[in-house]
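Note that the protein sequences, when read in sequence, are chains A and B. Count the first sequence with numbering that gives the first Met the number 0 and you get residues 0 to 454, in order. Count the second sequence with numbering that gives the first Met the number 0 and you get residues 0 to 197, in order. Idealized CB from N, CA, C, for every residue including glycine. None of these values were measured; they are calculated from a predicted model.
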Amino acid sequence: MNTLFDKIWDAHVVSLIEDGPTQLYIDRLYCHEVTSPQAFDGLRARGIKCLRPAQIFCMPDHNTPTHDQDKPIEDPVSKAQVDALSRNAAEFGLTHYGMMSPDNGIIHVVGPEKGLSLPGMTIVCGDSHTSTHGAMGAVAFGIGTSEVEMVLASQCILQQKPKSMSIRIEGELAPGVSAKDIALYLMSKLTTSGATGYFVEYRGSTVRALSMEGRLTLCNLSIEMGARGGFVAPDETTFAYLKGREYAPKGEAWDKAVAYWRTLVSGEDAVFDRELVFDAADIVPMITYGTNPGMGMPIDGTIPSDAAQKALDYMGFAAGQKLLGHPVDYVFLGACTNGRIEDFRAFASLVRGRRKAPGVTAWLVPGSWAVKRQVEEEGLDRVLAEAGFEVRQPGCSACLAMNDDKIPAGKYAVSTSNRNFEGRQGPGSRTLLASPLTAAAAAVTGVVTDPRTLI
Amino acid sequence: MKQKFDIIESTCVPLPLENVDTDQIIPARFLKATTRDEKFFGDNLFRDWRYDAQGNPKPGFVLNDPRYGGCILVAGKNFGSGSSREHAAWAIAGYGFRVVISSFFADIHKNNELNNFVLPVVVSEEFLSELFAGIAADPGLKVRVDVPAQTVTNLATGRSERFELNAYKKYCLTHALDDIDYLLEQKDKIEAFERDRK
């Protein structure tokens with residue numbers, strides 16, 4: 000009761016169905032090309048239009064190649080899906096940032112950077128990582144395609160109200176430890192179902208000290224603990240990030256908005272359904288060894304003796320094994336998890352003055368054209384080039400390998416993405432999830448390396 | 000697809016694995032379809048567990064085992080975790096399953112099943128482990144799912160449990176109505192909400 004989650008949720012209740020779900024009003028719907036075509040087909044079959052087209056933003060990101068985006072997509076099936084989004088957006092009068100548009104990128108990177116995702120909003124998308132936008136102080140969650148159709152048709156969704164969870168983290172993070180490590184640490188403690196049924200509010204001094212990029216990474220991974228979403232109450236860091244962004248309020252409207260946003264905090268008397276407290280001093284650089292994101296450990300740790308054998312067989316690992324020094328074939332920097340400017344800064348800071356290890360294939364994929372432009376403005380592309388790395392064009396890329404960026408069967412990838420499921424980065428691929436710094440350390444040494452030894 | 004639920008009695012397909020994620024239910028490379036072709040998704044249900052790289056059935060996987068069949072899938076806890084892809088529910092429906100029994104479902108996937116007229120039935124750990132053991136001993140074991148009564152019964156042992164289903168969703172399932180049908184009737188309320196919040 001009286002949590003920030005209650006405040007935002009309750010302010011969007013249109014009606015309550017007796018012994019049923021809540022009819023919840025949605026401020027922002029994002030659509031990408033993979034989970035929307037059948038929803039638009041549904042509207043056509045019913046002969047209806049979008050109720051509030053101005054609140055819906057579309058962009059392709061999953062299928063987009065990370066090179067030669069100015070040329071037609073070679074894979075005809077990918078091209079058909081990307082073209083379908085463009086046609087659907089035009090037919091239904093929706094804003095569309097197509098490939099090669101300077102506004103294009105991964106939907107969860109673009110929404111915050113354009114100021115489309117704002118504090119106090121309800122935000123949905125047919126994508127489980129919609130929880131990312133919670134970093135802005137919004138209630139944001141992933142939905143299925145039928146639910147996308149609901150929102151296209153009515154700007155509402157029917158949902159059961161989730162329970163609320165407080166995750167409080169206190170203290171200062173040690174050098175070399177980032178928001179990604181916090182998330183991997185939480186998943187290793189809670190497992191991939193530990194927060195199922197809950198919406199998480201991240202609190203405490205450690206969270207307050209995170210930049211917006213760090214908060215976006217932390218909230219992004221809420222779903223990997225099973226949580227429907229996770230968010231951080233807006234504060235001065237949020238307001239400073241949003242000020243002047245394209246869709247953020249301007250002038251008098253800005254002052255009014257900030258005054259309202261300052262009220263978006265959990266009450267002193269807030270009661271959560273579950274409260275957890277962690278100490279930042281316990282968190283070190285993390286890495287996963289198994290086939291779900293909850294199978295993580297400190298980078299210098301050993302694989303637990305009770306780890307699921309099916310997962311270890313798939314990964315080619317054994318219980319009791321250390322991963323430090325294990326050869327790495329691929330490194331992937333990017334995804335809605337770690338494809339932002341701060342992630343590129345971290346990666347560049349570690350590889351500066353070093354060289355990419357021979358035998359490592361590295362894919363550095365910015366989350367959006369705006370991130371790529373900033374990488375170039377800050378001269379990070381030159382630092383990376385001198386170390387033997389190339390910055391590619393934006394998209395989801397090897398996170399789920401719907402484009403050409405596939406990790407070959409049996410190969411090991413240290414990846415800054417969000418999932419290490421069997422086959423996630425390509426059939427037979429073996430994924431080790433880690434932070435941008437840990438990815439950079441693997442990229443320059445060719446083996447799993449503790450980044451703290453290189454900074 | 001929309002179909003009315005009443006009482007279902009069927010043999011089961013057992014999948015006694017925990018944390019089955021939607022990437023396994025339907026791998027990402029099958030998400031490029033732009034239509035809701037349930038046969039296509041059903042043909043590729045559990046693709047990489049079911050077929051090798053050459054497309055040959057893997058004999059050890061349950062969907063390739065002729066002893067097991069029926070319209071009820073029984074799975075270990077935390078079924079459907081990970082990606083929100085509704086294609087996973089389309090694949091389950093397209094294969095011919097109408098009910099999935101587990102002790103725990105991931106949130107988004109559970110909604111996706113309900114929105115596709117596949118019924119997720121949550122049972123206790125004890126019910127689930129007894130059911131897995133029963134099916135292993137006799138693949139012909141049948142389960143009855145009574146939607147109006149909200150009960151699930153292991154017909155071999157007679158063990159029965161009540162499962163959760165809110166009254167609204169139960170009405171939808173037993174009358175073959177979906178949420179969009181409902182929401183389209185709510186336009187006045189939506190416009191009133193928009194006016195009031197200004």
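>> Using a Cβ-Cβ distance cut-off of 8 Å, determine whether Leu-62(B) contacts chain A.
In response: As a working mapping, residue 62(B) is identified with position 63 in the second sequence. Not one chain A Cβ lies under 8 Å of Leu-62(B).
>> If you reduce the DSSP assignment to three classes, tell me which class Tyr-24(A) lands in.
In response: Position 25 of the first sequence, counted from the first residue, corresponds to residue 24(A). The answer is strand: DSSP assigns Tyr-24(A) an E or B state.
> Cβ of Leu-471(A) less than 8 Å from any chain B Cβ?
Replying inline: The displayed coordinates of chain A run from 0 to 454. Any statement about residue 471(A) would go beyond what the structure contains.
> Which residue from Val-122(B), Ala-155(B) and Val-121(B) puts its Cα closest to that of Leu-140(B)?
Replying inline: Taking the second sequence and counting its residues from 1, one reaches residue 140(B) at position 141. Closest by alpha carbon: Ala-155(B).
>> I need the boundaries of the beta strand (DSSP E) containing Lys-162(A), first residue and last residue.
In response: Here the question's residue 162(A) lines up with position 163 in the first sequence. Where Lys-162(A) is concerned, the enclosing beta strand (DSSP E) stretches over 162-169.
> Are Asn-337(A) and Thr-216(A) closer than 8 Å when you measure CB to CB?
Replying inline: The residue given as residue 337(A) occupies position 338 in the first sequence. The residue given as residue 216(A) occupies position 217 in the first sequence. Yes, Cβ-Cβ distance for Asn-337(A) and Thr-216(A) is below 8 Å.
> How many whole angstroms separate the CB atoms of Thr-262(A) and Asn-419(A), which I take to be in contact at a CB cut-off of 8 Å?
Replying inline: Taking the first sequence and counting its residues from 1, one reaches residue 262(A) at position 263. Taking the first sequence and counting its residues from 1, one reaches residue 419(A) at position 420. That pair is no contact at about 40 Å.
>> Taking 7 Å as the limit between beta carbons, can you name the residues of its chain near Pro-161(A), skipping five residues before and five after?
In response: As a position in the first sequence, residue 161(A) is number 162, starting the count at 1. Hits under 7 Å: Gly-196, Tyr-197, Phe-198 and Arg-227.
> Which word fits Met-0(A), buried or exposed, when buried means at least 16 other C-beta atoms lie within 10 angstroms of its C-beta?
Replying inline: Here the question's residue 0(A) lines up with position 1 in the first sequence. Met-0(A) comes out exposed.
> For Ile-156(A), which beta-bridge partners are listed by DSSP?
Replying inline: As a first step, residue 156(A) is located in the first sequence; it is residue number 157 there, counting from the start. Answer by DSSP bridge pairing, in chain order: Leu-23(A).
>> At the 8 Å Cβ level, is Asp-137(B) part of the contact set with chain A, yes or no?
In response: Indexing the second sequence from 1 puts residue 137(B) at position 138. Judged by the 8 Å Cβ criterion, Asp-137(B) is not in contact with chain A.
>> Under 9 Å, CB to CB, which of the residues in the segment 222-234 of chain A have a partner in chain B?
In response: Ile-222, Glu-223, Gly-225, Ala-226 and Arg-227
>> Helix, strand or coil, according to DSSP, for Ala-155(B) in the structure here?
In response: Along the second sequence, read from residue 1 onward, the residue named residue 155(B) stands at position 156. Of the three classes helix, strand and coil, the one that applies to Ala-155(B) here is coil, per DSSP.
> Can you list the residues of chain B that Phe-271(A) reaches, using a CB-CB cut of under 9 Å?
Replying inline: Locating residue 271(A) in the first sequence gives position 272, counting from the first residue. None at all; the shortest Cβ gap to chain B is about 18 Å.
> Does the count of Cβ pairs from the segment 341-353 of chain A and the segment 11-21 of chain A closer than 8 Å reach three?
Replying inline: no
>> Counting only Cβ-Cβ distances shorter than 8 Å, please list the residues of the segment 12-24 of chain A near chain B, keeping chain order.
In response: Val-13, Ser-14, Ile-16, Glu-17, Asp-18, Gly-19, Pro-20, Gln-22 and Tyr-24
> In the segment 297-382 of chain A, which residue ranges form an unbroken beta strand (DSSP E) of at least 3 residues, counting only runs that do not cross its ends?
Replying inline: 329-332 and 360-363
> Using a C-beta to C-beta distance shorter than 9 Å, which residues of chain B count as neighbours of Thr-34(A)?
Replying inline: Along the first sequence, read from residue 1 onward, the residue named residue 34(A) stands at position 35. The answer, in chain order, is Leu-30, Ser-83, Arg-84, Glu-85 and His-86.
>> Please confirm whether Thr-448(A) has its beta-carbon closer than 8 Å to some beta-carbon of chain B.
In response: Taking the first residue of the first sequence as position 1, residue 448(A) is located at position 449. Thr-448(A) does not count as touching chain B.
> Skipping 5 residues on each side, what residues in its chain have a beta carbon closer than 7 Å to that of Met-224(A)?
Replying inline: Looking up residue 224(A) in the first sequence gives position 225. Excluding residues within five positions, the ones whose Cβ falls inside 7 Å are Leu-185, Met-186, Leu-189, Thr-191, Gly-193 and Ala-194.
> Among all the DSSP beta bridges, which residues are the ones paired with Ala-139(A)?
Replying inline: As a working note, residue 139(A) is residue 140 in the first sequence. Ile-122(A).
> Hey, does Ile-6(B) have any beta-carbon neighbour from chain A nearer than 8 Å?
Replying inline: Counting from 1 along the second sequence, the entry for residue 6(B) is found at position 7. So no, Ile-6(B) is outside the interface.
> With 16 as the cutoff for other CB atoms within 10 Å, does Ser-414(A) come out buried or exposed?
Replying inline: Looking up residue 414(A) in the first sequence gives position 415. It counts as buried.
> On the premise that Val-364(A) lies in contact with Ile-340(A), defined as a C-beta separation below 8 Å, what is that separation, rounded to the nearest angstrom?
Replying inline: Numbered from its first residue, the first sequence carries residue 340(A) at position 341. Numbered from its first residue, the first sequence carries residue 364(A) at position 365. Ile-340(A) to Val-364(A), Cβ: 13 Å. No contact.
> Quick one: Cα of Asn-114(B) to Cα of Ser-210(A), how far?
Replying inline: Residue 114(B) sits at position 115 when you count from the first residue of the second sequence. Residue 210(A) sits at position 211 when you count from the first residue of the first sequence. So the alpha carbons of these two residues sit roughly 38 Å apart.
> beta strand (DSSP E) containing Cys-456(A): first to last residue?
Replying inline: With chain A covering 0 to 454 only, the question about residue 456(A) has no answer from this structure.
> By DSSP, does Lys-141(B) sit in helix, in strand, or in coil?
Replying inline: The residue labelled residue 141(B) in the question sits at position 142 within the second sequence. In the structure shown, Lys-141(B) sits in a strand (DSSP, three-state: E or B).
> Using a beta-carbon distance below 8 Å, is Ala-460(A) in contact with chain B?
Replying inline: Chain A is shown from 0 up to 454; residue 460(A) falls before or after that span and cannot be answered.
>> So, under 8 Å CB-CB, Val-117(B) and Val-151(B) are touching, yes? Tell me the CB distance rounded to an integer number of Å.
In response: Against the second sequence, residue 117(B) aligns to sequence position 118. Against the second sequence, residue 151(B) aligns to sequence position 152. About 15 Å separates the two Cβ atoms, so there is no contact after all.
> What in chain B is Cβ-close to Asp-40(A), meaning under 9 Å?
Replying inline: Along the first sequence, one-based indexing puts residue 40(A) at 41. Under the 9 Å cutoff, chain B gives Thr-33, Thr-34 and Arg-35.
> Using a C-beta cutoff of 8 Å, does Cys-155(A) count as contacting chain B?
Replying inline: Residue numbering aside, residue 155(A) sits at position 156 when the first sequence is read from its first letter. Interface residue, yes.
>> Could you tell me the alpha carbon to alpha carbon distance between His-128(A) and Tyr-96(A), rounded to whole angstroms?
In response: In the first sequence, the residue the question calls residue 128(A) occupies position 129. In the first sequence, the residue the question calls residue 96(A) occupies position 97. In a straight line, the C-alpha of His-128(A) is about 19 Å away from that of Tyr-96(A).
> So which residues on chain B does Asn-337(A) lean against when the C-beta distance must stay under 9 Å?
Replying inline: Walking along the first sequence from the start, residue 337(A) turns up at place 338. The contacting residues do not exist; Asn-337(A) stays about 18 Å from chain B at best.
> Within 8 Å (strictly less), CB to CB, does Ser-128(B) reach chain A?
Replying inline: Start at 1 with the first residue of the second sequence, and residue 128(B) comes out as number 129. Cβ-Cβ to chain A under 8 Å: no for Ser-128(B).
>> Using a Cβ-Cβ distance cut-off of 8 Å, determine whether Lys-168(B) contacts chain A.
In response: Residue 168(B) sits at position 169 when you count from the first residue of the second sequence. With 8 Å as the cut-off, Lys-168(B) counts as an interface residue toward chain A.
> If you measure beta-carbon to beta-carbon, which residues of the segment 120-148 of chain A are closer than 9 Å to chain B?
Replying inline: Cys-124, Gly-125, Asp-126, Ser-127, His-128, Thr-129, Phe-140, Gly-141, Ile-142, Gly-143, Thr-144, Ser-145, Glu-146, Val-147 and Glu-148
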